[in-house]
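These notes concern the structure reproduced below.
2 protein chains.
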Amino acid sequence: MIALKESDLRKDVAKLLIVRASGHALDSQRQYPKWELKNCDLKRLLKEGIGGVILFGGTTIELEQRTKTLRAWAEKPLFLCADVEEGLGQRFQGGTWLAPPLAVAQIHRKDPEKAIALAEKYGNCIGSQARLCGLNWVLAPVCDVNINPKNPVINLRAWGEDPLTVSELTCAFNKGLSAQGVLTCAKHFPGHGDTSVDSHLELPTINHDLQRLEEVEFVPFKAIIASGVDTVMSAHVLFPNIDPNQPASLSSKTITKLLRDEIGFDGLLVTDALVMEAIHNFYNDADAAVMAFAAGADLLMMPADPDEAIDAICKALLMGRIPMQRLQETLHRRKKALAKVEGLNPSLFSQEEKMDSLLIECRQDRVLAEDLIRNSMEIHHHVPPGDLSSDNNLVRVDGVLPCPFLNNLSPAVCLPEEAGYRTTLCHEMGIPLWRDDLYEPLVLDRFQGGAFFLQLFVRGNPFRGSLFEKEPWLATIRQLQGLKRLAGLVVYGSPYLWNELNEVLDSTIPSAYSPGQMHEAQIQVLSSLFHFYEAPDFKAHTIHQFTD
Amino acid sequence: MIALKESDLRKDVAKLLIVRASGHALDSQRQYPKWELKNCDLKRLLKEGIGGVILFGGTTIELEQRTKTLRAWAEKPLFLCADVEEGLGQRFQGGTWLAPPLAVAQIHRKDPEKAIALAEKYGNCIGSQARLCGLNWVLAPVCDVNINPKNPVINLRAWGEDPLTVSELTCAFNKGLSAQGVLTCAKHFPGHGDTSVDSHLELPTINHDLQRLEEVEFVPFKAIIASGVDTVMSAHVLFPNIDPNQPASLSSKTITKLLRDEIGFDGLLVTDALVMEAIHNFYNDADAAVMAFAAGADLLMMPADPDEAIDAICKALLMGRIPMQRLQETLHRRKKALAKVEGLNPSLFSQEEKMDSLLIECRQDRVLAEDLIRNSMEIHHHVPPGDLSSDNNLVRVDGVLPCPFLNNLSPAVCLPEEAGYRTTLCHEMGIPLWRDDLYEPLVLDRFQGGAFFLQLFVRGNPFRGSLFEKEPWLATIRQLQGLKRLAGLVVYGSPYLWNELNEVLDSTIPSAYSPGQMHEAQIQVLSSLFHFYEAPDFKAHTIHQFTD
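So the sequences go chain by chain: E and U. Here our numbering is used: position 511 in the first sequence is 494, and no number is missing along the way. Here our numbering is used: position 528 in the second sequence is 511, and no number is missing along the way.
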């Protein structure tokens, strides 16, 4: 009798877990085999009742197949989610990749109504593509107020730098996303915007008092909860003035007292990934899962060992350390959320649609992607035509194995080469560019003679910390200007780096900024900067490759 | 009446053309938009009767969907082919990527029977995966005898360096491939093995007299034709002693007189890609198509402008410059070949198979991939364990945007890093490694102190010419040995470079060679070289990521 009960309990507890899988079909295709379950484990866990899967990597065509397979393995409703804050194309090739949310915030400064309309379309674009690929839950929007320009992990993912902008834009986004029938997620409660360390690597602390948190961090969360967000994700951040002992994601004071009782949120609360070092460094895996659940979390994202997490929670429930009522509450919320997405048709495309290659991206998605870039880029001066045959096109990226926005035929490589530049690609694994000299850091003899056209792809990226902050770009700009060897500058990504460099930039230097890094951003920035469309001496075919 | 006839003629002529498309579904996903047709053009041409499509890029899951779509667009039987000489995984992620054919030739030297058995399995593996993905024609085997070690385009793609080995192995390969029901292709007639320029870039000339050609180049083609190959591909190579005026692919003396009349081949003759510079540089596109057809070619691969090619051939037929009988012959051969593959079931996987992730690669395919690497690699000495914290892992590749065999988690990067090395990735777009010094070419101050573990990924690659021949690796080896700073050497790819470097290599230096470059080659070489399995001080998880 007890045994039977225990096996039923195990099945119910399994429903709390969201595990990670590759969007690719084959084990050999996994990009991160350390974190992505093998198919045999995935299949077993789904049979045992695991509550959901978060997917990373692959193409939209593969994702569609993959979600079908996962549904069939599970044999009952489950959550299928992805971290597609910037469009399906951010994670799944073939989907639309939009300029990051902070681009919309920049538009909001000049034209709030336009920005709000764009944010709603942004959500709608993601929702429609997610649904077509068989997902039923989108882990967006980020509701953190990006107070700290040095924030290595939120940064361009935020919808603004002040609580009002973030509230307006995330509510609009949420409206557009919800309209497609998928579940939405406000993250990272109670706010991850004022941190300077990456919670993937360490546990950040935010020391603000409650009054400040009420005035800034909580504002967008309250707004979006009031306007109807389905789920909230908790942050792995320590707020000593809310709970001096536990990070938000493991803190009953934060999740239950603040979020549930005071703010009144009654949807699902999911933790941020439990494998992140902010938690993993300090807590035994099973303990972290039990603590999060005990604190009030409904869903546990990516526990390091799913079987261990289930066992530990079952034990805590059976021993009465966590009341059974906690489980009932959670299962009730889960059922309600799944009921809401029951109507989504997972067998998406008709064969007809497939044949017409309408597939994932529709015409208005492409228009939106282009509009966002056009409205958020800045162009200062144009590159004069001339003989540039010995000039350097220096392209800086974080990494190249692989680089999601750059290939041999990318505009950032091809277009300057058409204009006579020679590309040098600089990245973490390359030969260093610099020597230890505060004023003349760039080692010039590592390049050919002539001027430098700099293209800096820089943004805070999870896991990479603030890699670029160690790079002396400011001094390099000064050095090249002093030598009259700066031909131009483009920053793709961080508005903070752009502002910093722009302050020392000679006003005659051709320069540009775009918050987006993808091909669409490169093509728009460079066409405009080089006047490609007007200059008949640039080969038209190069540009047509990208524009048609 | 004439109009009706002309439109029928156009449809028949269209059947001669093979056009190129991406394996991805969306126009925006094309890797080479210059060469890969947009879906609207592809759809129109297929409706107009285009005879076949050659596919490049994407994953096997996408390819399966793509071939279904193309069949539906065409509404009648057509050729669906790919250049998967080294396995589906060479072009389509998710398929098996096998060590290059020359690896089997190396095994043949020691154990001919084993090599012949491997070659048959090799063909079978490709045939079964091609069929599952919906292809009906595999453009392999390469029957060229790789006489010239400096051959930039054949090289490791060849099944040997002497006519007998090539004959035995390609016949065995052809048998294994045919057994899966797909069409096979012997290329590049009458032989591309003794060239030193890349026909993708220039027109090569082979000046040998007929006696020598009979003794070497023709041998494997005669053998494979006798044993039953379905199609032959002609080379863009000038053989003055066969035809002093036209390259083989446009030469009636070569295709009709030599191949048809003398050798007696009665299957389909397809040209190599007509967009290649060897042809494109010298002939107007329409002329090249007409000349190839007039010379006796049945199928025209990748004409630069399909509509122009059709028009020009129609005109030549209507004006009597090419007899109508030429077209009848070709259509007859085409019908026969398509009838042979009619039985291949394009609706491949059952949903059940998909769910079990059996998909494309079966167990014996994986075993074959592992066997080929194991049997063809060489290991000289092992790397002694020690404190290597300041040593350099210098990885040389042709290009990184993208690099098909390397990512952040590849064994060639991760395993040496586990052992304390720091990776520097060197490629065409990076900061140069060398200065102009014959004896000490490597600029040491561009690296950190300590020794160098060199991993050279080098093989002739189409379009890249002999890039690596300009790189002074021999002098670098001598320089580093002189300084006692050479920690080890691995060559992945070219046996010729390996032999050359090996001659100056101090016999105590740990070194290894593998003809393959993919993960499987990296893991086997490095596990063995570093004794990873035996040494408990290396973290087991790293290696398990790749082996399980």
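C-beta atoms are modelled at their ideal positions from N, C-alpha and C, and glycine is treated no differently.
Next on the checklist: Would U:V366 and U:G476 be called neighbours here (beta carbons separated by less than 7 Å)?
Outcome noted: Here residue 366 of chain U refers to the residue found at position 383 of the second sequence. Here residue 476 of chain U refers to the residue found at position 493 of the second sequence. Contact: no.
Checklist entry - Which partner residues does E:E361 have in the DSSP bridge list? => result Position 378 of the first sequence, counting from 1, holds the residue named residue 361 of chain E. E:Y496, per the DSSP bridge assignment.
Next on the checklist: By the three-class DSSP mapping on this structure, what secondary structure does U:T188 have?
Outcome noted: Counting from 1 along the second sequence, the entry for residue 188 of chain U is found at position 205. U:T188 carries a strand assignment under DSSP once its states are collapsed to helix, strand and coil.
Next on the checklist: Residues in the same chain with beta-carbon distance under 7 Å from E:D608, minus the five sequence neighbours each way, listed in chain order, please.
Outcome noted: Outside the modelled stretch of chain E, which goes from -16 to 531, sits residue 608 of chain E, for which no answer is possible.
Next on the checklist: I'd like the span of the beta strand (DSSP E) that includes U:K170, first residue to last.
Outcome noted: In the second sequence, the residue the question calls residue 170 of chain U occupies position 187. Residues 168 to 172.
Checklist entry - Given a limit of 8 Å on CB to CB distance, which residues of the region 1 to 19 of chain E reach chain U? => result For the region 1 to 19 of chain E, the residues whose beta carbon sits under 8 Å from a beta carbon of chain U are, in order, H7, A8, L9, D10, S11, Q12, Q14, Y15, P16, K17.
Item to check | Same chain, Cβ closer than 8 Å to E:M307, five either side skipped, listed in chain order | outcome: As a position in the first sequence, residue 307 of chain E is number 324, starting the count at 1. These residues qualify, in order along the chain: L300.
Checklist entry - Considering U:R405, what are the terminal residues of the beta strand (DSSP E) in which it resides? => result The residue labelled residue 405 of chain U in the question sits at position 422 within the second sequence. Boundaries of the beta strand (DSSP E) around U:R405: 405 to 409.
Next on the checklist: Output needed in chain order: residues of the region 381 to 401 of chain U with a Cβ under 9 Å from some Cβ in chain E.
Outcome noted: Of all residues in the region 381 to 401 of chain U, G382, V383, L384, P385, C386, L389, N390, N391, L392, S393, V396 have a Cβ within less than 9 Å of some Cβ in chain E.
Item to check | With 16 other Cβ atoms within 10 Å as the buried cut-off, status of E:C23 | outcome: Within the first sequence, residue 23 of chain E is the residue found at index 40, counting from 1. Under this definition E:C23 is an exposed residue.
Item to check | Closest by C-alpha distance to E:A65, when choosing among E:K(-2), E:P124, E:A209 | outcome: On the first sequence, position 82 is the one that residue 65 of chain E refers to. With distances taken between CA atoms, E:A65 lies nearest to E:P124 out of E:K(-2), E:P124, E:A209.
Checklist entry - Are U:V396 and U:T406 closer than 7 Å when you measure CB to CB? => result Residue 396 of chain U sits at position 413 when you count from the first residue of the second sequence. Residue 406 of chain U sits at position 423 when you count from the first residue of the second sequence. Yes, these two residues count as a Cβ contact at 7 Å.
Next on the checklist: Against chain U, with Cβ distances strictly below 7 Å, would E:Q438 count as a contact?
Outcome noted: One-based indexing of the first sequence puts residue 438 of chain E at position 455. Not one chain U Cβ lies under 7 Å of E:Q438.
Next on the checklist: For a test of the three-state rule: what should DSSP assign to U:N22, helix, strand or coil?
Outcome noted: Walking along the second sequence from the start, residue 22 of chain U turns up at place 39. Note: U:N22 maps to helix in three-state DSSP.
Checklist entry - Does the ligand MG have even one heavy atom less than 6 Å from the beta-carbon of U:E245? => result With respect to small molecules bound, the structure shown includes none, and the ligand MG cannot be examined in it.
Checklist entry - Using a beta-carbon distance cut-off of less than 7 Å, what residues from the region 36 to 49 of chain U approach chain E? => result From the region 36 to 49 of chain U, only T42, I44, E45, Q48 have a Cβ closer than 7 Å to chain E.
Checklist entry - Taking any Cβ of chain E, which residues in the region 62 to 81 of chain U have a Cβ under 7 Å from it, in chain order? => result Of all residues in the region 62 to 81 of chain U, Q76, G77 have a Cβ within less than 7 Å of some Cβ in chain E.
Checklist entry - Is any beta-carbon of chain U found at less than 7 Å from that of E:G413? => result For this step, residue 413 of chain E is matched to residue 430 along the first sequence. Yes, because at least one Cβ of chain U sits closer than 7 Å to the Cβ of E:G413.
Checklist entry - By a C-beta neighbour count over all protein chains shown, 10 Å radius and 16 as the cutoff for buried, is U:D489 buried or exposed? => result Taking the second sequence and counting its residues from 1, one reaches residue 489 of chain U at position 506. Exposed is the call here.
Checklist entry - Can the beta-carbon of E:M302 be found less than 7 Å from the beta-carbon of E:I1? => result By one-based count along the first sequence, residue 302 of chain E stands at place 319. By one-based count along the first sequence, residue 1 of chain E stands at place 18. In terms of Cβ geometry, E:M302 and E:I1 do not form a close pair [threshold 7 Å].
Next on the checklist: With distance defined between alpha-carbon atoms, name the residue in E:P83, E:R54, E:S373 nearest to E:K504.
Outcome noted: What you label residue 504 of chain E is simply residue 521 of the first sequence in a count that begins at 1. Looking at the sequence itself, residue 504 of chain E is Ala, so the reference to Lys does not match. It is E:P83 whose Cα lies nearest to the Cα of E:A504.
Checklist entry - Of the choices E:R309, E:V(-4), E:A269, E:D255, whose alpha-carbon is the least far from that of E:M32? => result Position 49 of the first sequence, counting from 1, holds the residue named residue 32 of chain E. Here the sequence assigns Gly to residue 32 of chain E, which means Met is not the residue at that position. Ranking E:R309, E:V(-4), E:A269, E:D255 by Cα distance to E:G32 puts E:V(-4) first.
Checklist entry - Are E:L241 and E:C168 closer than 7 Å when you measure CB to CB? => result Within the first sequence, residue 241 of chain E is the residue found at index 258, counting from 1. Within the first sequence, residue 168 of chain E is the residue found at index 185, counting from 1. Not in contact: E:L241 and E:C168 (Cβ atoms no closer than 7 Å).
Checklist entry - Is U:L152 closer than 7 Å to U:V67 when the C-beta atoms are compared? => result Position 84 of the second sequence, counted from the first residue, corresponds to residue 67 of chain U. Position 169 of the second sequence, counted from the first residue, corresponds to residue 152 of chain U. No.
Next on the checklist: So if I threshold CB-CB distances at 8 Å, which residues from the region 404 to 436 of chain U count as touching chain E?
Outcome noted: Within the region 404 to 436 of chain U, the residues whose Cβ lies closer than 8 Å to some Cβ of chain E are T406, T407, L408, C409, H410, M412, G413, I414, P415, L416, R429, F430, listed in chain order.
Next on the checklist: If we require 4 or more residues per run, which alpha helix (DSSP H) segments fall completely within the region 26 to 101 of chain E?
Outcome noted: Counting only runs of 4 or more, we get 43 to 57, 84 to 93.
Item to check | Collapsed DSSP secondary structure at U:N376 in the structure displayed | outcome: The sequence position of residue 376 of chain U within the second sequence is 393, counting from 1. Correct three-state label for U:N376: strand.
Checklist entry - Of the choices U:P135, U:S217, U:Q194, U:A57, whose alpha-carbon is the least far from that of U:D177? => result One-based indexing of the second sequence puts residue 177 of chain U at position 194. Ranked by Cα distance from U:D177, the options U:P135, U:S217, U:Q194, U:A57 are led by U:P135.
Checklist entry - Can you name the residues that DSSP bridges to E:Q438? => result Residue 438 of chain E sits at position 455 when you count from the first residue of the first sequence. The partner list for E:Q438 (beta bridge, DSSP) reads E:V378, E:V473.
Next on the checklist: Could you check whether the region 348 to 364 of chain U touches the region 379 to 394 of chain U, counting it as contact only if at least three pairs of C-beta atoms, one from each stretch, sit closer than 8 Å?
Outcome noted: By the Cβ criterion, the region 348 to 364 of chain U is not in contact with the region 379 to 394 of chain U, since fewer than three pairs of Cβ atoms, one from each stretch, lie closer than 8 Å.
Checklist entry - What is the DSSP secondary structure of U:S340, reduced to helix, strand or coil? => result Counting from 1 along the second sequence, the entry for residue 340 of chain U is found at position 357. The pLDDT assigned to U:S340 is 42, lower than 50, so where the model puts this residue is not dependable, and the model offers no usable value.
Checklist entry - How long is the line joining the alpha carbons of U:A8 and E:A277, rounded to whole angstroms? => result Along the second sequence, read from residue 1 onward, the residue named residue 8 of chain U stands at position 25. Along the first sequence, read from residue 1 onward, the residue named residue 277 of chain E stands at position 294. Answer to the nearest angstrom: the Cα atoms are 46 Å apart.
Item to check | Residues of the region 344 to 372 of chain U whose Cβ lies closer than 9 Å to any Cβ of chain E, in chain order | outcome: The residues in question are E344, R349.
Item to check | Length of the line joining the Cα atoms of U:N482 and E:D268 | outcome: In the second sequence, the residue the question calls residue 482 of chain U occupies position 499. In the first sequence, the residue the question calls residue 268 of chain E occupies position 285. Straight-line Cα distance between these residues: approximately 51 Å.
Checklist entry - Where DSSP assigns a beta bridge to U:V253, which residues make up the other side? => result Here the question's residue 253 of chain U lines up with position 270 in the second sequence. For U:V253, which the question treats as bridged, DSSP gives the partners U:M216, U:L282.
Item to check | Residue burial classification, U:S(-10) (beta-carbon count within 10 angstroms, cutoff 16) | outcome: Taking the first residue of the second sequence as 1, we reach residue -10 of chain U at position 7. Burial call: exposed.
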